[in-house]
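Quick note on the numbering used here: the sequence shown kicks off at 11 and runs consecutively. Worksheet: the structure to be examined is printed underneath.
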Amino acid sequence: MSTQSDATGTRHATFPFPQDDPCLPPPEYARLRADEPVTQVVLPTGDRAWLVTRHADVLTVLGDERFSRRALTGPDAPKLAPIPPMPSLFYLDPPDHTRIRRLAARAFDPARLARLRPRVDRVVAAHLDRLAAADQPADLLATVARPLPLAVVATVLGVPEDEYEPFAGWIRTAFSFGAVPPDEQMAAMGGLQQYLAALVGSRRKEPAEDALSDLVAPTGDDQLADHELVALVFDLIGAGDQPVTAEIVHLVLNLLRDPARLPALHAEPELVPGAVEELLRHSQSAGGGLGSVRIAVADVELSGVTIPAGDPVIPSFNAANFDESVFPDADRIDLARRPNPHLTFAQGIHHCLGAPVGRMELTALLGGLARDFPSLRLAVPEDQLQWLPVPAFRTPGAIPVHW
Numbered sequence: 011m012s013t014q015s016d017a018t019g020t021r022h023a024t025f026p027f028p029q030d031d032p033c034l035p036p037p038e039y040a041r042l043r044a045d046e047p048v049t050q051v052v053l054p055t056g057d058r059a060w061l062v063t064r065h066a067d068v069l070t071v072l073g074d075e076r077f078s079r080r081a082l083t084g085p086d087a088p089k090l091a092p093i094p095p096m097p098s099l100f101y102l103d104p105p106d107h108t109r110i111r112r113l114a115a116r117a118f119d120p121a122r123l124a125r126l127r128p129r130v131d132r133v134v135a136a137h138l139d140r141l142a143a144a145d146q147p148a149d150l151l152a153t154v155a156r157p158l159p160l161a162v163v164a165t166v167l168g169v170p171e172d173e174y175e176p177f178a179g180w181i182r183t184a185f186s187f188g189a190v191p192p193d194e195q196m197a198a199m200g201g202l203q204q205y206l207a208a209l210v211g212s213r214r215k216e217p218a219e220d221a222l223s224d225l226v227a228p229t230g231d232d233q234l235a236d237h238e239l240v241a242l243v244f245d246l247i248g249a250g251d252q253p254v255t256a257e258i259v260h261l262v263l264n265l266l267r268d269p270a271r272l273p274a275l276h277a278e279p280e281l282v283p284g285a286v287e288e289l290l291r292h293s294q295s296a297g298g299g300l301g302s303v304r305i306a307v308a309d310v311e312l313s314g315v316t317i318p319a320g321d322p323v324i325p326s327f328n329a330a331n332f333d334e335s336v337f338p339d340a341d342r343i344d345l346a347r348r349p350n351p352h353l354t355f356a357q358g359i360h361h362c363l364g365a366p367v368g369r370m371e372l373t374a375l376l377g378g379l380a381r382d383f384p385s386l387r388l389a390v391p392e393d394q395l396q397w398l399p400v401p402a403f404r405t406p407g408a409i410p411v412h413w
């Protein structure tokens, strides 16, 4: 672990921490939870931030309005990415966030999602069929993990099939942080926003049986404006594509580390939903968690440490999900773990709006793998997988498998 000194000579660890194993949390988290649950770290940009690692403290950061997302868009906010934050529900605080979240929530209530479940199940089944038809060893990343999440997003939003390819192209570039030049990324974001604006206009004229039509429809005497809808759908796409690909990768790799797990789920498919929750808890797919940063807008004390107003704060979901005070024997994957209050989908007002869709997708996928591929296994030793050098949503370049 590397460190940097500040103006007073105090040394701070650089963050994100290196991982010897991409599927396990950095060992530093356990030490910090025990000894320094709130500590300053240095970000890749040189900015300093407070890293919070205990489950209870992370919940406080997520639920206390003294920690602001909107402040991240201010002129003095730390620079966390090569391009500035886009207008987004992610960067709103109450009351603006409350209004938009209330209007958007209807599209994701259980009854409406139940209507979409057969479509999502068909999309998942089609990708598993593609895997089954491939020559072995097959690349699970190319056949399932990479294309499936975006196909589910398009299905839920109601993107027409003949518009899918340009839609997917914009998304691949717009959300390829660090992989393409910033000007190319910004151009793709502009193209995607124009397309989404046209799609919103189409649904206002002709509603369909999809989540976008539910978002467009008025709720009482209020409804989302076009620019709010475009920003919201942009958020849903960003959360539903690469992050879910990475979740699938980590879910599968953690599952395959014990060859008894898939056969157990094959024998008892009723365990699949709980297994999804435990694999979500264990996942390290988000990397360091810089996407969860807040700014303290008042002095706040956490675990005896005062965080001054104006300082950035990183509530580490990955660290909190391994807190032994909440998850006994936290390093062990227990597919029947109950309760399981993991924070992979965050908590509080910024709890992932699309979490029900993600759970639906991952449950269908894990159920299908357990049912049809109970002998699934890696075709190479896991340490031969070549992980891509990206800061978040890390995956290998390929995942060759036999079954």
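Beta carbons: idealized from backbone N, C-alpha and C, even for Gly.
Query raised in the report: Once you ignore the five residues that flank Ala346 on each side, which residues in its own chain have a CB closer than 7 Å to its CB?
Result: Leu281, Gly284
Query raised in the report: With Pro147 and Pro410 assumed to form a contact (beta carbons below 8 Å), what rounded beta-carbon distance in angstroms separates them?
Result: Pro147 to Pro410, Cβ: 4 Å. Contact.
Query - Neighbour-count burial assignment, Trp397, 16 or more Cβ in a 10 Å radius - result: exposed
Query raised in the report: Would Arg348 be called buried (16 or more neighbouring beta carbons within 10 Å of its own) or exposed?
Result: exposed
Requested in this report: Just tell me which of Pro318, Val400, Leu289 has its CA closest to the CA of Arg369.
Outcome: Ranking the options by Cα distance to Arg369, first place goes to Leu289.
Report task. Report the partner residues of Arg125 according to the DSSP bridge assignment. Result -> Per DSSP, none; premise fails for Arg125.
Query raised in the report: Sorted by chain position, which residues of the same chain lie with C-beta nearer than 7 Å to Ala144's C-beta, five sequence neighbours on each side aside?
Result: Result list for Ala144: Thr153, in chain order.
Query - For Arg156, three-class secondary structure by DSSP - result: Shown here, Arg156 sits in coil according to DSSP, grouped into three states, outside any helix or strand.
Query raised in the report: Sorted by chain position, which residues of the same chain lie with C-beta nearer than 7 Å to Val134's C-beta, five sequence neighbours on each side aside?
Result: Excluding residues within five positions, the ones whose Cβ falls inside 7 Å are Leu158, Glu371, Ala374, Leu375, Gly378.
Query raised in the report: Three or more C-beta pairs closer than 8 Å, one from the segment 269 to 280 and one from the segment 242 to 257: is that the case here?
Result: no
Report task. May I have the straight-line CA-CA distance separating Gln357 from Glu238, to the nearest angstrom? Result -> 22 Å
Query - Proximity winner among Ile258, Ala308, Phe332, Ile343, relative to Ala408 (alpha-carbon distances) - result: Ile258
Query raised in the report: Alpha carbon to alpha carbon, what distance is there between Glu278 and Gly78?
Result: Position check: residue 78 holds Ser in this sequence, whereas Gly was assumed. About 44 Å.
Query raised in the report: Can you check whether the CB of Asp74 is closer than 8 Å to the CB of Leu310?
Result: Checking the sequence, you will find Val at residue 310 rather than Leu. It is a contact, given that the beta carbons lie within the stated cut-off.
Report task. Out of Arg404, Leu300, Ala235, point me to the one whose CA is closest to Arg58's CA. Result -> Looking at Arg404, Leu300, Ala235, the one whose alpha-carbon comes closest to that of Arg58 is Leu300.
Query - Inter-residue Cα distance where the pair is Val303 and Glu175 - result: 33 Å
Query raised in the report: Opposite Phe77 in the DSSP bridges: which residues?
Result: Ala306
Query raised in the report: CA-CA distance, Val48 and Asp393?
Result: Straight through space, the alpha carbons of Asp393 and Val48 are spaced by roughly 33 Å.
Query raised in the report: Nearest-angstrom Cα distance between Ala365 and Gly250?
Result: Between Ala365 and Gly250, the C-alpha separation is close to 9 Å.
Report task. Tell me whether the beta-carbon of Arg80 lies closer than 8 Å to the beta-carbon of Leu53. Result -> Leu53 is positioned such that its CB atom lies no closer than 8 Å to that of Arg80.
Query raised in the report: Comparing the C-beta of Thr183 with each C-beta of chain C, is any distance below 8 Å?
Result: This model lacks chain C altogether, as it is built from one protein chain only.
Query raised in the report: With DSSP run on the structure shown, which of helix, strand or coil describes Thr49?
Result: strand
Requested in this report: Could you say which of His360, Leu42, Gly211 lies nearest to Val71 if we only look at CA atoms?
Outcome: His360
Report task. Please check the pair Gln233 and Leu113, which I expect to be a contact at CB under 8 Å, by giving their CB distance rounded to whole angstroms. Result -> About 7 Å; that satisfies the 8 Å criterion.
Query raised in the report: By how many angstroms is the C-alpha of Arg43 removed from the C-alpha of Asp31?
Result: One C-alpha to the other measures close to 19 Å.
Query raised in the report: For Phe355, which option in Arg291, Phe332, Ala402 has the closest C-alpha, if you only look at C-alpha atoms?
Result: Cα-wise, what sits closest to Phe355 is Arg291.
Query - 7 Å Cβ shell around Ile181 - same chain, five flanking residues per side excluded - result: Leu160, Leu202, Ile247, Asp251
Query raised in the report: Around the C-beta of Gly200, are 16 or more other C-beta atoms found within 10 angstroms, so that it is buried, or is it exposed?
Result: Under this definition Gly200 is an exposed residue.
Report task. Please name the residue, chosen from Ser98, His137, Asp139, Ser385, that lies closest to Leu266 on a Cα-to-Cα basis. Result -> Ser385
Query - Paired residues, beta bridge with Arg213 - DSSP - result: BP columns for Arg213 are empty, so no partner.
Query raised in the report: Helix, strand or coil: how does DSSP classify Arg58 here?
Result: Correct three-state label for Arg58: strand.
Query - Counted within 10 angstroms of its Cβ, other Cβ atoms place His260 as buried (16 or more) or exposed - result: buried
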